Structures are given as structure tokens and as C-alpha cells.
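There are 2 protein chains.
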Amino acid sequence: MSELKMPNPFMVLAHKFKSMVLRALRDQGIDIVPMHIKSLFCVNRLESCTAVDIAEGLDRDKAQITRLIKELIDKELVRKEPNPNDKRSQLIVLTEHGRATLNKVLSIEESIIEKMHQGMSQEQLDQFDQLSRQMVENLQKS
Amino acid sequence: MSELKMPNPFMVLAHKFKSMVLRALRDQGIDIVPMHIKSLFCVNRLESCTAVDIAEGLDRDKAQITRLIKELIDKELVRKEPNPNDKRSQLIVLTEHGRATLNKVLSIEESIIEKMHQGMSQEQLDQFDQLSRQMVENLQKS
DNA sequence: CCAATCTAGTTGATATTGTCAACCATATTC
DNA sequence: GAATATGGTTGACAATATCAACTAGATTGG
Numbered sequence: 113m114s115e116l117k118m119p120n121p122f123m124v125l126a127h128k129f130k131s132m133v134l135r136a137l138r139d140q141g142i143d144i145v146p147m148h149i150k151s152l153f154c155v156n157r158l159e160s161c162t163a164v165d166i167a168e169g170l171d172r173d174k175a176q177i178t179r180l181i182k183e184l185i186d187k188e189l190v191r192k193e194p195n196p197n198d199k200r201s202q203l204i205v206l207t208e209h210g211r212a213t214l215n216k217v218l219s220i221e222e223s224i225i226e227k228m229h230q231g232m233s234q235e236q237l238d239q240f241d242q243l244s245r246q247m248v249e250n251l252q253k254s
Numbered sequence: 113m114s115e116l117k118m119p120n121p122f123m124v125l126a127h128k129f130k131s132m133v134l135r136a137l138r139d140q141g142i143d144i145v146p147m148h149i150k151s152l153f154c155v156n157r158l159e160s161c162t163a164v165d166i167a168e169g170l171d172r173d174k175a176q177i178t179r180l181i182k183e184l185i186d187k188e189l190v191r192k193e194p195n196p197n198d199k200r201s202q203l204i205v206l207t208e209h210g211r212a213t214l215n216k217v218l219s220i221e222e223s224i225i226e227k228m229h230q231g232m233s234q235e236q237l238d239q240f241d242q243l244s245r246q247m248v249e250n251l252q253k254s
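Just so you know, the protein sequences line up as chains A and G, in that order. If you count by my numbering, then the first sequence holds residues 113 to 254, one letter each, in order. If you count by my numbering, then the second sequence holds residues 113 to 254, one letter each, in order.
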């Protein structure tokens, strides 16, 4: 083959970032994992949030999200309430503990992101995010 | 908390990309997984390649790489040769089958990457990679 | 109004990837 | 030559992902 293929830099970055987030959580004695964080942020973002909203919002399997939600309930970070609009469904709601944990985690992630972004202009960061989003869209087109 | 946190675009991209690569491998009847690919590319890049070279090159645990190499040997994609310079160590070498598989996989990944990069200039792509690398370096500074 | 179809969520099973610790054999260092 | 470090392995477990099949409820169309 022509040239020797190097690892995709954005994949290297994703691996490093995720490892660092998990390590930072452990160091802070926070017993949750990155997928928990993503789910909690999802619940926080949506006024009325169901499991399928999280699955779609995070582009994950419904089965996986069901299990994640159960873990978040066990850790008393969220609770379920009946969905007035759909008897099959429940609304996922942050508990006080969940909100407090989310605030801690937000700080942790923000400090990692700040370190990651050192020496870069806002314009560069905006373009980086924009290109990432565009690439996701490109991949989604069938 | 202040603003509602959205998922990091490069993490969304990494998840989507990895899923697509695995799906494409399955569609092509190729019974390997993304970590196998990364390892094979690593072996291909280095003139004299050991397990610890792969572990370091991919920023992965030695234990994980040991297991991956065993799988690659089982699938006859690589083989081990004694390391003349270190009795503890073996050199990992691509087999013919491994080289052929790597070529197929290269095509598959390249077509996914081409699709991902649609509508983007080379300058933009270079900057994207450069920013990713810089972010990795930033995270690595202790 | 009811059958057919779709959807929300669950459960089971399995796959992929990741992490930590402990170990043995070998290499290096002092 | 003892102490320390390193390459690789094994065990155990954790985190994430995927697919299929299922039940209960919602929607659709005749």
C-alpha cells in the first residue's frame, strides 16, 4: 500500500479525552462513568425527557439507555415519573443529588476542556466544532 | 448551571465513525474489529514491532494489547518471531493474509473518510487534524 | 370499531474495549 | 551480584455497544 496509515487524530483525541474524564471522576470520588454523564446532561437539557429521547439524543441503543437509566436510578441521580402523554413511557427527572453531581461533573469536564484548549483561539475552536458537526452530517447521509 | 451543555462534537464524531467502520467491516464479511485494525496498521508501520510498541503507539494497556495480538494470531493475520535483541520479547509480523486483509480494510476506511470529508478543503482538514493533535498534546502535559 | 402496524421500554445474550493488579522471565543499573 | 525496571501474560472486572425478541400501549387505515 502507498503510505503508512497513521491513527486518526480525532480518534486519538476521543480516546485520550474519555480516559481523562473517567480518571478525573475516580480521583474526585465520583462513582459514575462518562455514559452516565452524557445521559444526565441529556436529562438536564430536555424539559420533558424520556428514555427514547436520550437514546436518540446520544445516538445509542434503547437497550443500553434502559440499563444506564436503571444505574442512574440506583445511584439516586434520577427518578422516573409517569408520562401523562403516553402510558408506555416514563419521564426521567434529575434528583437534587443528581443536580448536585452534575454541577461537580460540569466543573471537572470544563477544567479538562480548558486544558485541552490551551493556546487556541475561539475562532479555531468554533471551526473545529463546526467541522466535527459537518463530518457527522456527512456520515449520516446514506 | 449556566448554559445547557451539548455533547462534544468530536466525541459524537468518534462514536459515529467507529460504529460505521465496524458496520462496514461486517457488511464486507471481514471478521475483525476496529482495535484489530489499529493494531495491524501499527504492525505495518514499524519495521520491528513488539507488543509494547503497539501498546505505546496506540496508547493502550499492555494487557489489552496482549489479548488483541493473540486474537490476530488466531485469525492468522500476524505471527510472532523471536526478538533477537530481547529474549523477553517477540516481534509481531504481518502474514500474507494479514497484509491482504489490511489492504481491504484500508479501502473501506478510506471510503468512509472520503464521505466524511465531503465538501471540505484540504486546508480545513489539515487544520482539523492539527488541532486534534495539539489537543492531545495539551491533555498529555501534566 | 377493530385488526394491523408501529413504538417505548425491557430483558437476555453476547461482543468490544478498557483498566488494574500480580506475576515471571529478562534486562538494566549501580 | 543485588536491586530495580521492563516485556509480556493472566485473572478479574468494568465500561460500552449491539442485536433479537418480547410486552404493553399508541397509531393507522379500512
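Glycine included, C-beta positions come from ideal geometry on N, C-alpha and C. The model shown is predicted, which means the values in this text are computed figures rather than measured ones.
List, in chain order, every chain G residue whose beta-carbon is nearer than 7 Å to that of residue i.
| i | result |
| --- | --- |
| A126 of chain A | F122, M123 and A126 |
| Q236 of chain A | L243 |
| N156 of chain A | L116 |
Name, please, each residue of chain A whose Cβ falls closer than 8 Å to the Cβ of residue i.
| i | result |
| --- | --- |
| L180 of chain G | In chain order: nothing, as chain A lies at least about 15 Å away. |
| K174 of chain G | Near K174 of chain G there are no residues of chain A at all, since even the closest Cβ is about 15 Å away, more than 8 Å. |
| K98 of chain G | Given that chain G is displayed from residue 113 to residue 254, the structure contains no residue 98 of chain G and the question cannot be resolved. |
Go ahead and label residue i buried or exposed: buried means 16 or more other beta carbons lie within 10 angstroms of its beta carbon, across all protein chains shown.
| i | result |
| --- | --- |
| E226 of chain A | exposed |
| T162 of chain G | buried |
| V133 of chain A | buried |
| V205 of chain A | exposed |
| Q258 of chain A | As shown, chain A starts at 113 and ends at 254. That puts residue 258 of chain A outside it, with no answer to give. |
| N120 of chain A | buried |
| E208 of chain G | exposed |
| A175 of chain G | exposed |
Along chain A, in chain order, which residues have C-beta atoms closer than 7 Å to that of residue i?
| i | result |
| --- | --- |
| K117 of chain G | F153 and L218 |
| R245 of chain G | P121 |
| K227 of chain G | N250 and L251 |
Can you tell me where the beta strand (DSSP E) holding residue i begins and where it ends?
| i | result |
| --- | --- |
| V190 of chain G | V190 to P194 |
Residue i: which of the options sits nearest, CA to CA?
| i | options | result |
| --- | --- | --- |
| S244 of chain G | A:I220, A:Q236, A:S131 and A:L203 | A:Q236 |
| S201 of chain A | A:G141, A:L251 and A:D165 | A:D165 |
| I177 of chain A | A:N120, A:H148 and A:I224 | A:H148 |
| S192 of chain A | A:S160, A:A136 and A:K117 | Per the sequence shown, residue 192 of chain A should be read as Lys rather than Ser. Per the Cα distances, A:S160. |
| K216 of chain G | G:G141, G:P121, G:Q242 and G:A126 | G:G141 |
| E229 of chain A | G:S151, G:Q252 and G:I144 | In the sequence on display, residue 229 of chain A carries His and not Glu. Taking only the C-alpha atoms, the option nearest H229 of chain A is G:Q252. |
| I185 of chain A | A:N195, A:E168 and A:G210 | A:G210 |
| P194 of chain G | G:R138, G:V124 and G:L203 | G:L203 |
| K117 of chain A | G:E168, G:L125, G:K150 and G:P146 | G:K150 |
| V248 of chain G | A:L214, A:N250, A:G231 and A:Q242 | A:G231 |
| T213 of chain A | A:I181, A:N197 and A:I144 | A:I144 |
| A136 of chain A | A:E222, A:N250, A:Q234 and A:S233 | A:E222 |
| K128 of chain A | G:D173, G:L218, G:I220 and G:L189 | G:D173 |
| V124 of chain A | G:G169, G:I220 and G:N156 | G:G169 |
| R138 of chain A | A:I220, A:R179, A:N197 and A:K182 | A:I220 |
| P146 of chain A | A:V155, A:S131 and A:L158 | A:S131 |
| N250 of chain G | A:I224, A:E188, A:Q242 and A:Q239 | A:I224 |
| N156 of chain G | G:R179, G:K182, G:L180 and G:V190 | G:V190 |
| I181 of chain G | G:L152, G:L158, G:D241 and G:D171 | G:L152 |
| C154 of chain A | A:Q239, A:D238, A:L218 and A:Q234 | A:L218 |
| D171 of chain G | A:K199, A:A126 and A:Q234 | A:A126 |
Just reading off the alpha helix (DSSP H) that residue i is part of, what are its end residues?
| i | result |
| --- | --- |
| Q239 of chain G | Q234 to Q252 |
| I185 of chain A | K174 to D186 |
| I220 of chain A | E208 to M228 |
| R94 of chain A | Only positions 113 to 254 of chain A appear in the structure, and residue 94 of chain A is not among them; the question remains open. |
| K130 of chain A | P121 to D139 |
| L170 of chain G | A163 to L170 |
What residues from chain G crowd round residue i, counting only those whose CB sits closer than 9 Å?
| i | result |
| --- | --- |
| V145 of chain A | Per Cβ cutoff of 9 Å: no residues; V145 of chain A is ~14 Å from chain G at best. |
| D241 of chain A | N120, P121 and F122 |
For the ligand SAM, any of its heavy atoms closer than 7 Å to the Cβ of residue i?
| i | result |
| --- | --- |
| V124 of chain G | Although the ligand SAM was asked about, the structure shown includes no ligands whatsoever. |
Who are the neighbours of residue i on chain G, taking C-beta pairs under 8 Å?
| i | result |
| --- | --- |
| V248 of chain A | P121, V124, L125 and K128 |
| Q230 of chain A | N250 |
For the region 160-174 of chain G, which residues have a beta carbon sitting closer than 9 Å to at least one beta carbon of chain A?
-> G169, L170, D171 and R172
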